[in-house]
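Just so we're on the same page, my numbering is the position in the sequence shown counted from 1, plus 455.
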Amino acid sequence: MSTKNLGLVLVVDDDPVVCDYISILLQKYGYSVIKCGRGKEALEILKENKIDAVLTDVVMPEITGTEILENIHDNNPDVPVVLMTGHANLDTAVDAIKKGVFDFILKPYKPEQLIHSVEKALKYKRLIETEKNYKNVLEEFNKEIETLIAERTMNLMALTVADRVRNPAMIIGYIGKKMLERKDISEDFRNNLTSIIQETEKLQSIVSDFHNMLKSKESKFIYEDINEVVKSIIPTIEKVKVELAVNLSEKPLKINMQRSLLKIALSLLLRNSVEATPEKGKIFIETHPEENNVVLSISDTGDGIPEETIDRIFEPFFSTKRHSFGMGLPLVKQIISEHLGKIDVESKIGKGTTFRVKFPSRWT
């Protein structure tokens with residue numbers, strides 16, 4: 456008898472001999488079993504236990520196997536149900552399919568048929584759970600990324616606005632000081648100019664403090680393998696309908712990095728390529744050493760970027776996409792710059808685009 460526990464199966468049959476036989480057979484193959492002879496009892500067991508699969512006869516008193524199936528489909532849709540019947544007909548089959556039956560077993564059946572059906576049901580259950588776990592992990596990852604992106608985007612926007620305010624303020628202050636040097640201005644005008652100069656100096660001081668505050672939010676850098684970061688973002692696009700070719704260096708490619716920030720940048724870069732790639736298109740990801748540098752390239756087979764706009768794609772608020780705020784690629788460039796890296800782009804209309812990122816292999 457197997458000592459493995461392959462899952463918990465609920466066996467429902469009003470014939471106690473059949474119920475015992477199926478239970479012993481399943482236990483022999485490593486399954487835990489709860490058995491009962493009535494439909495109402497089965498529904499109570501389902502409420503109180505984490506059942507992995509249900510094996511039920513169709514014809515039973517009080518509640519039929521089909522009614523049990525309907526209840527499970529409404530309340531426990533991830534639990535697969537296998538119906539056993541000796542009176543199969545088309546109407547029963549169609550009704551059961553509509554209610555979400557996983558499989559039918561016709562009586563009389565061979566033991567291996569029953570075991571095979573239960574194995575398939577449990578594999579299906581595990582697949583559903585794996586997919587749910589994947590979705591939960593992906594949702595948490597996306598929430599984390601969105602939060603970090605929002606913070607970094609606000610910082611970048613604030614820095615951009617600060618720069619745009621500071622420069623005019625400096626010019627106004629400079630012009631005001633030059634005008635104060637003139638001898639042919641009235642006292643009132645001179646006083647107004649002095650007030651303007653003082654206010655622009657205050658504004659410059661505020662902007663400078665604000666700029667320094669944002670810049671001072673430095674993250675801790677650690678010497679880590681960029682391949683591991685790339686591997687961590689690949690699952691976020693695995694279900695997108697594009698072909699993904701990944702060729703990572705066999706040897707670790709370590710750089711000084713702030714992992715969460717770099718993960719944001721590479722996720723945004725990869726997402727940009729995915730959005731540019733048509734269904735069934737291809738995306739290529741590659742890493743390799745190059746002298747004292749580490750190189751990451753992401754290529755796609757999308758429409759390409761027009762020559763007249765390619766020089767502007769890293770500008771804040773610039774975008775060729777509808778409903779885009781134009782902060783994705785500027786944020787990518789900022790984070791890469793914070794890692795002392797450089798990003799280049801090559802693109803051909805109708806052929807696709809390649810982003811090539813180069814990092815120093817180590818810096819202090």
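Yeah, the Cβ is synthetic: ideal placement off N, Cα and C, and Gly gets one too.
Assignment of Pro563 by DSSP, reduced to helix, strand and coil, places it in the coil class. The Cβ atoms of Gly462 and Asp507 sit closer than 7 Å to each other. Cβ atoms of Thr547 and Val513 come within 8 Å of each other, at about 7 Å.
When rounded, the separation of the alpha-carbon atoms in Pro785 and Glu734 is 26 Å. DSSP places Lys797 in the strand class (E or B) of the three-state scheme.
With contacts defined as CB atoms closer than 7 Å, Cys491 and Val472 fail to qualify as a contacting pair. In the DSSP assignment, Gly807 falls within the beta strand (DSSP E) that extends over Gly807 to Pro815.
Secondary structure of Lys675 (DSSP, three-state): coil. One Cα belongs to Leu723, the other to Lys788, and the distance between them is close to 11 Å.
In chain order, Gly494 and Val513 place their CB closer than 8 Å to the CB of Thr519, counting only its own chain and leaving out the 5 sequence neighbours on each side.
The DSSP-derived three-state label of Met625 is helix. As the crow flies, the alpha-carbon of Phe739 is around 8 Å from that of Asn702.
With fewer than 16 other Cβ atoms inside 10 Å of its own Cβ, Ser792 counts as exposed.
In the DSSP assignment, Asn727 falls within the alpha helix (DSSP H) that extends over Arg714 to Ala731.
Taken through DSSP and simplified to helix, strand or coil, Lys706 comes out as coil. Val729 sits buried, since 16 or more C-beta atoms from the chains shown fall within 10 Å of its C-beta. Residue burial annotation: Leu582 is exposed, with fewer than 16 other C-beta atoms found within 10 angstroms of its C-beta.
Contiguous alpha helix (DSSP H) elements confined to the stretch 521–591 occur at 545–553, taking only those with 4 or more residues.
Counting only the Cα atoms, Leu538 lies some 5 Å from Phe559. Under the 8 Å Cβ criterion, the stretch 704–713 counts as touching the stretch 742–756, having at least three qualifying pairs.
Spanning the alpha carbons of Glu683 and Ile489 requires a straight line of approximately 44 Å.
Just so you know, the alpha carbons of Leu524 and Leu561 end up roughly 17 Å apart. The same chain holds no residue with a CB closer than 6 Å to that of Pro761 once the five nearest residues on each side in sequence are set aside. A distance of 7 Å or more separates the beta carbons of Thr732 and Val685. Per DSSP, reduced to three states, the secondary structure at Lys696 is coil, with no helix or strand assignment.
According to DSSP, Ile738 shares a beta bridge with Leu699 and Asp755. For Asp475, the enclosing alpha helix (DSSP H) has its first and last residue at Pro471 to Lys483. For Val534, the CB contacts under 8 Å within the same chain, skipping 5 residues up- and downstream, are Leu501, Ile506, Asp507, Ala508, Val509, Ile527 and Lys580 in chain order. In the DSSP assignment, Glu745 forms a beta bridge with Asn748. Non-local beta-carbon contacts of Ile652 in its own chain, meaning distances under 7 Å to residues more than five positions away in sequence, involve Gly628, Gly631 and Lys632 in chain order.
Rounded to the nearest angstrom, the gap between the Cα atoms of Lys806 and Lys587 is 37 Å. Contact check for Ser802 against Gly759 passes: the beta carbons are separated by less than 7 Å.
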